[in-house]
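The listed protein sequences correspond, in order, to chains A and B.
Each residue of the first sequence is one higher than the last, beginning at 1288 in my numbering.
Each residue of the second sequence is one higher than the last, beginning at 10 in my numbering.
All C-beta atoms in this analysis are idealised placements derived from N, C-alpha and C, irrespective of residue type, glycine included.
Given the structure is predicted, the values throughout are model-derived calculations rather than measurements.
Notes follow the structure.
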Amino acid sequence: GAVVSQHPSWVICKSGTSVKIECRSLDFQATTMFWYRQFPKQSLMLMATSNEGSKATYEQGVEKDKFLINHASLTLSTLTVTSAHPEDSSFYICSASLVYSYEQYFGPGTRLTVT
Amino acid sequence: DQQVKQNSPSLSVQEGRISILNCDYTNSMFDYFLWYKKYPAEGPTFLISISSIKDKNEDGRFTVFLNKSAKHLSLHIVPSQPGDSAVYFCAASKGGSEKLVFGKGTKLTVNP
């Protein structure tokens, strides 16, 4: 149980275009989903917390207009990187948690390369 | 300000021996701690957790110890296996469905 999927697993896009990454909880309902970013050889950096049906809460320094997060249902959250630039190239990981649960279950991640 | 610290970026042990990974935290509001294992280009996998009301939790080869007064926790892996080679992240939380604060990770290498 507690499986989280991400799609796509990797994507290459041109500078200036937008990319959407999906995060799905496959066998449970996730009231809260989290989006992380990981740079090479660094820790996970939390970008935002999203609760189903409400606006995402962004961490300090994360541009909400650039990284659009939608959590329209209890099993799906999306991250859209708008007007992507090469510096947005990174490994993006989502996680989901059950109601009032401490454990987060992570997706396999999405490798974004912006050329 | 780093609230969760893993001061050893890497650790190397022999197969069959014990691996001890350490983690320190500064925020006394944390009441739940988790360890995750991560392979390159994959998402973290939950390993084991501990509530602040306990000082030890065991699951098979994995044991987590919590010393609240020292704000320190450790993950013991016994016996270590080559397949345990990965990056281990310590994380802390202040409540259910709250965000996790991660340490920078410790890369464990278990040599055959």
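To which residues of the same chain is Pro1373 (chain A) closer than 8 angstroms at the C-beta, ignoring the five residues directly before and after it?
Translated into positions along the first sequence, residue 1373 (chain A) becomes position 86. Closer than 8 angstroms at Cβ, skipping near neighbours: Ser1302, Val1401 and Thr1402.
Report the neighbours of Arg1398 (chain A) on chain B: residues whose CB is nearer than 9 angstroms to its CB, in chain order.
Within the first sequence, the letter at position 111 stands for residue 1398 (chain A). Within 9 angstroms Cβ-Cβ: Ala50.
If you draw a straight line from the C-alpha of Val119 (chain B) to the C-alpha of Arg26 (chain B), how long is it?
Stepping through the second sequence from its first residue, residue 119 (chain B) is reached at position 110. Stepping through the second sequence from its first residue, residue 26 (chain B) is reached at position 17. Going from the Cα of Val119 (chain B) to the Cα of Arg26 (chain B) covers about 9 angstroms.
Taking 8 angstroms as the threshold (beta carbon to beta carbon), is Gln1286 (chain A) in contact with chain B?
The displayed coordinates of chain A run from 1288 to 1402. Any statement about residue 1286 (chain A) would go beyond what the structure contains.
Using a C-beta to C-beta distance shorter than 9 angstroms, which residues of chain B count as neighbours of Leu1363 (chain A)?
Locating residue 1363 (chain A) in the first sequence gives position 76, where the first residue counts as 1. The contacting residues do not exist; Leu1363 (chain A) stays about 17 angstroms from chain B at best.
Which residues in chain A have a C-beta closer than 8 angstroms to the C-beta of Tyr41 (chain B)? List them in chain order.
Working through the second sequence from its first residue, we reach residue 41 (chain B) at position 32. In chain order: Tyr1389.
Can you give the beta carbon distance from Gly52 (chain B) to Ile1308 (chain A), rounded, assuming they're within the 8 angstroms contact cut?
Here the question's residue 52 (chain B) lines up with position 43 in the second sequence. Here the question's residue 1308 (chain A) lines up with position 21 in the first sequence. 13 angstroms between Cβ atoms; not a contact.
For Pro1395 (chain A) and chain B, any beta-carbon pair shorter than 8 angstroms?
Looking up residue 1395 (chain A) in the first sequence gives position 108. Judged by the 8 angstroms Cβ criterion, Pro1395 (chain A) is in contact with chain B.
Applying the 10 Å Cβ sphere with the 16-neighbour rule, what's the burial state of Ala50 (chain B)?
Position 41 of the second sequence, counted from the first residue, corresponds to residue 50 (chain B). The residue in question, Ala50 (chain B), is exposed, as its Cβ has fewer than 16 Cβ neighbours within 10 Å.
Do the segment 90-107 of chain B and the segment 20-38 of chain B make contact, defined as three or more Cβ pairs closer than 8 angstroms?
A contact exists between the segment 90-107 of chain B and the segment 20-38 of chain B.
Compare the C-beta of Ser1330 (chain A) against all C-beta atoms of chain B and say whether one is closer than 8 angstroms.
Looking up residue 1330 (chain A) in the first sequence gives position 43. True, the Cβ-Cβ gap to chain B drops below 8 angstroms.
Please check if any C-beta of chain A sits within less than 8 angstroms of the C-beta of Lys80 (chain B).
Locating residue 80 (chain B) in the second sequence gives position 71, where the first residue counts as 1. By this cut-off, Lys80 (chain B) is not an interface position.
Skipping 5 residues on each side, what residues in its chain have a beta carbon closer than 7 angstroms to that of Gln90 (chain B)?
What you label residue 90 (chain B) is simply residue 81 of the second sequence in a count that begins at 1. Excluding sequence neighbours, Gln90 (chain B) sits near Glu24 and Val119.
Whole angstroms is fine: what's the gap from Val1386 (chain A)'s alpha carbon to His1358 (chain A)'s?
Locating residue 1386 (chain A) in the first sequence gives position 99, where the first residue counts as 1. Locating residue 1358 (chain A) in the first sequence gives position 71, where the first residue counts as 1. Spanning the two alpha carbons is a distance of roughly 15 angstroms.
Output yes or no for whether 8 angstroms exceeds the beta carbon distance between Leu82 (chain B) and Glu1390 (chain A).
Counting from 1 along the second sequence, the entry for residue 82 (chain B) is found at position 73. Counting from 1 along the first sequence, the entry for residue 1390 (chain A) is found at position 103. Cβ distance not < 8 angstroms, so Leu82 (chain B) and Glu1390 (chain A) don't count as in contact.
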